[in-house]
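Notes for the one structure printed next.
In our numbering, the protein residues as written are 11 to 283.
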């Protein structure tokens with residue numbers, strides 16, 4: 011982590027490098043997903059991919075693809091070059107950037123190019139999935155603190171349980187964002203399969219680092235707005251309950267008139283009985 015602090019980088023690249031350093035072992039090796047790094051830094055997965063390419067060009071990082079035992083792609087294996095690297099040369103396509111600073115150009119590819127030959131099989135070490143909130147969706151059948159998520163109203167209790175299982179292992183912030191994207195898709199009537207199948211596709215994109223929230227942003231904003239309104243109303247109700255009732259002035263003409271009217275109505279009611 012101290013090594014990452016001392017790198018001559020712009021703020022966002024330095025934060026990405028620090029997120030990788032936080033997840034790395036003593037040899038500087040780690041394999042967090044792009045989505046996990048994006049959640050830690052607070053930027054989009056697209057930005058993280060672009061920044062990682064710049065870090066590789068600056069020779070402070072290498073990346074190589076990893077595959078699971080079934081041959082499917084997993085998150086890249088990263089190695090931090092803590093021995094130095096060419097930090098005196100400007101980054102490619104840097105334009106007028108200063109030496110050692112990363113270009114913020116339009117590079118955007120789905121795969122971060124590797125710098126070593128061959129691939130790595132996925133090791134049993136668990137994926138680092140800490141988020142800004144520090145919460146992670148528990149693995150299937152595993153323990154861990156429960157995470158409160160807001161599910162679309164259209165999902166039944168059984169469907170919510172299945173969705174929770176599919177989201178296992180993802181950062182809680184990312185899991186909520188995927189559920190919000192699902193809710194937006196349901197409301198817009200754009201889902202041509204089933205909600206759970208649609209969610210499965212969103213999860214696959216998130217794990218691959220290619221998910222970009224669209225409707226989820228509006229859903230989250232509306233939820234925050236409703237929460238703010240509810241909190242304001244609850245505050246007003248509490249304040250009204252805490253205030254003592256105002257004292258009645260019997261000499262007030264309006265009060266006397268209201269009391270006389272109530273008295274006449276009570277007399278008429280007794281006579282009618």
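For glycine and all other residues, C-beta sits at the position ideal for the given N, C-alpha and C.
Uninterrupted alpha helix (DSSP H) stretches at least 4 residues long and entirely within the region 193-230 occur at 205-218, given in chain order. Residues of the same chain with a CB within less than 7 Å of the CB of residue 164, apart from the 5 flanking positions on each side, are 196 and 205 in chain order. Taking residue 266 as the centre and dropping the five residues before and after it, the same chain places the C-beta of 260 closer than 8 Å to its C-beta, in chain order.
Only exposed fits residue 263, as fewer than 16 other CB atoms lie within 10 angstroms of its CB. By the Cβ test, the region 41-56 is in contact with the region 207-220, since at least three Cβ pairs between them sit closer than 8 Å. Across the structure, residue 180 and residue 212 are spaced so that their CA atoms are roughly 12 Å apart.
Beta-bridge annotation (DSSP): residue 71 is paired with 90. DSSP places residue 160 in no alpha helix (DSSP H); its state is neither H nor E. As DSSP reads the structure, residue 66 sits in no beta bridge. Rounded to whole angstroms, the gap between the alpha carbons of residue 183 and residue 248 is 32 Å. Cβ atoms of residue 188 and residue 177 come within 8 Å of each other, at about 7 Å. Of all alpha-carbon atoms in 37, 228, 52 and 233, the one lying nearest the alpha-carbon of residue 23 is that of 52. In this chain, the alpha helix (DSSP H) harbouring residue 270 covers 263-282. Taking C-alpha positions only, residue 75 is separated from residue 241 by approximately 47 Å. Counted as a single uninterrupted DSSP element, the stretch harbouring residue 42 is not any alpha helix (DSSP H), since DSSP gives it neither H nor E. Judged by DSSP in its simplified three-state form, residue 21 adopts helix. Boundaries of the alpha helix (DSSP H) around residue 14: 12-15. The beta carbon of residue 201 lies closer than 6 Å to those of 195 and 208 in the same chain, with the five residues before and after it left out. Straight-line measurement puts the Cα of residue 223 at about 10 Å from the Cα of residue 55. Taking 8 Å as the upper bound for CB-CB distance, residue 84 and residue 78 are in contact here, some 5 Å apart. By the Cβ neighbour-count rule, residue 276 is exposed, with fewer than 16 other Cβ atoms within 10 Å of its own. Residue nearest to residue 47 within the set 229, 190, 169 and 25 is 25 (criterion: CA-CA distance).
The distance from the Cβ of residue 161 to that of residue 170 is about 5 Å, consistent with a contact at the 8 Å cut-off. Apart from sequence neighbours up to five positions away, no residue of its chain approaches residue 35 with a beta-carbon distance below 6 Å. Rounded to whole angstroms, residue 30 and residue 228 show a C-alpha spacing of 30 Å.
By the 16-neighbour rule on beta-carbons within 10 angstroms, residue 64 is buried.
Straight-line spacing of the CA atoms in residue 226 and residue 233 works out to 11 Å.
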